[in-house]
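Taking it in order: structure first as structure tokens, then the write-up.
Chains as they are written, first to last, in our numbering: chain U, 2 to 570; chain H, 2 to 570.
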């Protein structure tokens with residue numbers, strides 16, 4: 002619904018004033034409309050467009066060089082008055098006559114038509130072109146009765162380009178009518194919009210249904226049907242338009258238009274299927290646009306518009322224009338990139354490693370193997386713990402990550418990598434395949450640890466301990482968790498501290514590691530008394546009290562297995 | 002809600018592919034992101050940005066000359082993986098190093114951070130800048146903890162402009178961090194969004210309330226309050242940001258951002274008040290933007306972003322860029338228009354009139370006076386008839402229109418206008434002041450009629466009759482109603498036909514008019530049996546059966562009064 006307004010009856014006027022204030026580099030505000038803020042050559046045909054408000058960027062957003070000279074704005078969903086149309090036309094007139102464009106609605110036909118007659122009487126040559134692109138509103142045989150919807154943009158673009166090119170009024174009118182004859186649109190609506198100050202929507206579509214061919218002010222459509230997939234919707238829209246394809250046409254301009262609350266990503270998803278259907282039909286698409294070009298406040302729905310191109314129309318469709326909404330033409334001198342982009346993961350190459358380090362690398366791969374085996378076995382249990390206060394995918398992520406780490410480690414060993422490289426690529430693979438925050442954390446942990454090792458020197462206890470500290474620093478530097486936040490960090494900190502303390506006191510790495518793993522396990526168990534502090538609102542945070550954190554538990558588990566494997570070597 | 006999709010789990014990937022297909026003139030699709038489709042100079046710093054999907058145009062819509070070199074896209078509202086970030090960076094790298102920008106969220110900090118470390122290890126210099134503009138998410142003293150919202154656009158714009166200008170990585174990083182330090186945003190949300198395939202919204206705001214400072218993924222805000230007027234909302238947003246205004250700042254860049262279902266006109270209305278408050282605070286606004294720049298699917302809400310400018314930042318903020326969404330810089334060579342636009346209604350001047358025609362003009366003004374008096378008296382009754390199947394404003398419109406017509410006619414008479422001019426301006430004034438379709442129709446009717454008269458020759462019966470026919474033609478040419486549609490036309494057609502028939506058979510104008518007015522009255526009464534056929538869906542159409550059309554009744558009334566006045570002269 003429309004939520005931001007002061008007095009509803011001043012909504013349209015205030016919105017126009019706000020638009021003109023923001024885009025004063027494009028337009029100047031006049032009573033009932035806007036005119037270009039930049040100089041226009043004397044004698045140029047003026048393209049003046051307009052209609053009701055509530056359809057932005059239709060119509061004021063189309064004003065600028067290469068498109069419209071001025072726009073007239075009525076009240077929300079209501080035609081501007083005859084006087085407003087005539088007034089804005091007089092201000093836009095440069096002596097070359099006026100092409101007056103608007104959607105084909107009774108009120109607009111009347112007010113723009115009467116204004117044109119009034120201006121004629123004053124000696125200004127005005128040609129009116131009502132846009133009639135909506136194939137749902139009348140059959141092709143009576144196309145002149147069709148309504149104007151998102152085809153407005155297309156037809157006005159052609160008119161604006163023709164006028165900017167210096168053509169005279171006869172020619173601009175001919176091309177505008179020709180563009181209108183070759184522009185077709187078909188749309189669907191999912192949900193109605195609410196006028197400023199109104200308590201209820203202007204109309205409604207039954208939940209789960211879509212209205213085919215519904216007009217931009219809620220005018221009756223053809224039928225109501227169940228909402229379909231993007232693929233089927235693309236077929237529905239394109240079939241309807243392709244039925245009117247003129248013989249010999251193999252190029253089209255296209256606009257996939259959102260009505261307000263149907264968002265860009267949805268339009269992009271739909272476009273993949275629309276594009277496929279147009280391609281199947283042997284059509285090349287020229288300068289397509291997807292976005293919001295003719296809206297109906299926050300109505301939910303979309304429409305597809307096609308412009309059947311020939312050389313003449315294509316030149317005008319692709320011509321430069323510069324408006325708040327549609328801009329074409331070179332701002333920068335660019336040329337297409339020609340380098341091939343290889344986005345496949347290349348085969349990793351490794352720095353030369355010493356034989357000793359290669360052996361240690363193999364040793365590390367062996368530790369990773371045990372970890373992967375253990376995590377595979379623990380998948381269900383870790384998932385169960387995680388599900389208490391999370392989405393329950395922790396076990397799956399750990400299993401997937403460690404398996405990928407093992408693959409990568411084995412590949413690196415086979416390629417002759419040293420210890421540091423084996424651990425590093427194992428971490429990378431874990432991060433990339435596990436997904437989620439914990440995958441990235443594990444990747445960071447292993448890669449940071451590897452920074453204390455090398456591919457040439459033998460691994461000393463000091464390096465292992467230093468690696469553990471680097472791992473903790475890495476995780477807390479880029480991760481956000483701190484001690485007490487009920488995350489893996491609650492087990493990692495005591496692990497690292499115990500490892501440092503025990504080795505410093507002269508204990509062997511194996512003994513120190515065992516002590517550290519035990520410390521990690523106690524700390525992981527103790528997370529049961531904590532409440533999560535991080536991240537988004539967690540309605541389940543309280544439910545987790547009395548249960549340990551899955552991430553801390555899995556860290557303790559990995560620490561234990563790794564220690565056992567080191568001891569066995 | 003999100004309505005258009007095929008498999009929900011492929012929504013983000015498909016949307017990115019569709020975007021890249023539409024805007025292939027800007028971007029090339031790679032796995033997990035897009036890179037510029039145009040050549041980039043070797044050695045240029047690459048600006049790579051990204052984050053979750055569902056925020057279009059953030060982030061892919063910012064790719065192009067003068068802004069980003071590439072964008073990485075995660076799943077809907079989820080960080081891209083470390084591997085994806087690293088992969089896209091490698092493809093965008095031109096040897097000048099990489100500025101990696103993203104919003105300050107745990108998952109993004111982690112994945113972009115880990116990717117940066119991985120790239121460093123590969124010899125690519127990468128600097129990460131998390132955007133922290135959301136003042137609601139942490140106090141100014143701990144600004145580094147703030148989330149990134151619509152300030153993303155602003156900070157990336159500065160980074161892109163600095164890189165495009167050929168600055169080195171140190172300088173680009175410095176300016177990007179500086180821009181981030183000087184960018185603040187504050188937002189409100191009215192209604193949650195629904196993820197593709199989800200049955201329920203991600204979060205909800207109580208009806209009639211707004212959540213202050215709510216994050217773009219539904220992260221907790223500061224508080225919930227009653228929805229306020231546009232004026233109060235502007236105060237709320239600007240006060241919050243002005244509290245952080247750096248000393249000595251008197252110029253700002255500004256972005257008024259809609260989250261998805263809060264539409265452009267609402268933002269423009271809000272802007273009028275925001276602009277007033279910024280002006281009151283002594284701030285000049287440079288290149289403001291209002292629209293959708295960082296969305297959250299179809300979330301309803303908006304945010305205001307300010308960039309505290311100095312000379313260095315202003316140059317970068319206003320620099321040229323060319324992306325699917327934000328474009329700045331000259332496409333056309335233009336200069337500001339300097340002509341004064343006078344949109345006040347000028348004093349009408351009239352062609353020289355004969356004395357006889359001036360007398361007749363006064364006579365016409367006398368007829369209009371009687372009509373205005375009669376319609377004033379009939380206002381309530383006409384409103385009552387109209388209210389049965391319409392909005393009940395017909396009596397008001399007719400009263401207002403005829404009163405304006407009388408004023409205009411008297412003014413014209415005083416200025417020495419002839420008969421044709423008096424009738425024409427009376428019609429124009431009626432159309433302009435009455436409002437609605439019937440106002441425009443009455444304006445058209447009188448002006449068309451005046452075309453059969455002149456300002457020099459005396460009015461003959463033939464001219465009056467011809468005028469009536471022109472009036473009917475005018476009304477049916479531009480109006481859409483036909484006989485039987487239950488409109489004024491149902492009374493006008495028999496009036497004109499009776500006037501023609503009776504005068505042709507030799508009756509006097511007075512007698513013929515009386516007969517024509519009687520025919521109009523009978524026909525108007527007979528509209529009671531008709532059902533409206535025109536215009537939008539009319540749920541009340543059936544209610545109108547058994548009641549005459551208000552427009553036909555008022556035409557018959559005007560015809561009767563006019564005839565009586567003609568007879569009395």
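Glycine included, C-beta positions come from ideal geometry on N, C-alpha and C.
Query                                                                                                                                                                                                : Result
What are the start and end residues of each continuous alpha helix (DSSP H) run of 4 or more residues lying completely inside the stretch 461-521 of chain H, in chain order?                        : 462-479, 490-505
Which residues in chain U sit within 7 Å of residue 433 of chain H, going by Cβ to Cβ distance?                                                                                                      : 82, 83, 84
If you draw a straight line from the C-alpha of residue 459 of chain H to the C-alpha of residue 358 of chain H, how long is it?                                                                     : 6 Å
Over what stretch of residues does the alpha helix (DSSP H) that includes residue 232 of chain U continue unbroken?                                                                                  : 231-243
By the criterion of Cβ-Cβ separation under 7 Å, what are the contact partners of residue 351 of chain U in chain H?                                                                                  : What residue 351 of chain U touches in chain H: nothing, since even the nearest Cβ is about 12 Å away.
Which chain H residues sit within Cβ distance under 8 Å of residue 223 of chain U?                                                                                                                   : Result: empty, since nearest Cβ-Cβ is about 13 Å, beyond 8 Å.
Using the rule of at least 16 other Cβ atoms within 10 Å of the residue's Cβ for burial, across every protein chain shown, is residue 21 of chain H buried or exposed?                               : buried
Using a 10 Å radius around the Cβ and a threshold of 16 neighbouring Cβ atoms, would you call residue 251 of chain U buried or exposed?                                                              : exposed
Under 7 Å Cβ-Cβ, which residues of chain U neighbour residue 234 of chain H?                                                                                                                         : 5
Going by other Cβ atoms of all chains shown within 10 Å of its Cβ, with 16 needed for buried, is residue 241 of chain H buried or exposed?                                                           : buried
Determine the direct distance from the alpha carbon of residue 425 of chain U to that of residue 144 of chain H, and round the result to whole angstroms.                                            : 33 Å
Check whether the stretch 166-185 of chain U and the stretch 294-308 of chain U are in contact - that is, three or more C-beta pairs closer than 8 Å.                                                : yes
Determine whether the Cβ of residue 323 of chain U lies closer than 8 Å to any Cβ atom of chain H.                                                                                                   : yes
Just checking, does the stretch 502-521 of chain H make contact with the stretch 127-144 of chain U on the three C-beta pairs under 8 Å criterion?                                                   : no
Taking one C-beta from the stretch 96-109 of chain U and one from the stretch 38-53 of chain U each time, how about it: are there three or more such pairs within less than 8 Å?                     : yes
Using a Cβ-Cβ cutoff of 8 Å, what residues of the stretch 96-123 of chain H are near chain U? List them in chain order.                                                                              : 107, 108, 110, 111, 112, 114, 115, 118, 119, 122
Reducing DSSP to helix, strand and coil, say where residue 339 of chain U ends up.                                                                                                                   : coil
What residues of chain H sit near residue 319 of chain U, judged by a beta carbon separation below 8 Å?                                                                                              : Here the premise fails: no neighbours, minimum Cβ distance about 10 Å.
For the stretch 340-408 of chain H, list the alpha helix (DSSP H) runs that are entirely contained and at least 4 residues long, ordered along the chain.                                            : 356-390
Just to check my reading of the structure: residue 432 of chain H and residue 84 of chain U have Cβ atoms closer than 8 Å, yes? What is that Cβ distance to the nearest angstrom?                    : 7 Å
Hey, is residue 52 of chain H's beta-carbon within less than 8 Å of any beta-carbon in chain U?                                                                                                      : no
Apart from the five residues just before and just after residue 567 of chain U, which ones in its own chain have a Cβ nearer than 8 Å to its Cβ?                                                     : 368, 510, 511, 514
Could you name the residues of the same chain whose beta carbon sits closer than 7 Å to that of residue 209 of chain U, not counting the 5 residues immediately before and after it, in chain order? : 227, 228
List the residues of chain U whose Cβ lies closer than 9 Å to the Cβ of residue 191 of chain H, in chain order.                                                                                      : 2, 4, 5
Please compile the residues from chain U whose C-beta is within a distance smaller than 8 Å of the C-beta of residue 226 of chain H.                                                                 : Result: empty, since nearest Cβ-Cβ is about 13 Å, beyond 8 Å.
Report the residue from U:559, U:546, U:123 whose alpha carbon sits nearest the alpha carbon of residue 520 of chain U.                                                                              : U:559
Residues in its own chain within less than 6 Å of residue 430 of chain H by CB, not counting five upstream and five downstream?                                                                      : 405, 406, 409
Measure the C-alpha to C-alpha separation of residue 174 of chain U and residue 320 of chain U and round it to an integer number of angstroms.                                                       : 18 Å
From the DSSP output, in three-state form, read off residue 280 of chain H for me.                                                                                                                   : helix
Residues of the stretch 27-38 of chain U with a CB closer than 7 Å to any CB of chain H: list them in chain order, please.                                                                           : 29, 31, 32, 36, 37, 38
When the Cβ atoms of the stretch 278-289 of chain U are set against those of the stretch 232-240 of chain U, are three or more pairs found closer than 8 Å?                                          : yes
Under 7 Å between beta-carbons, which chain U residues line up against residue 230 of chain H? List them in chain order, please.                                                                     : 7
Please state if the CB of residue 75 of chain H and the CB of residue 53 of chain H are separated by a distance shorter than 8 Å.                                                                    : yes
Compute the distance between the beta-carbons of residue 322 of chain U and residue 149 of chain U, then report whether it is under 8 Å.                                                             : no
Please report the straight-line C-alpha distance between residue 243 of chain H and residue 51 of chain U, rounded to a whole angstrom.                                                              : 37 Å
Determine whether the Cβ of residue 315 of chain U lies closer than 8 Å to any Cβ atom of chain H.                                                                                                   : no
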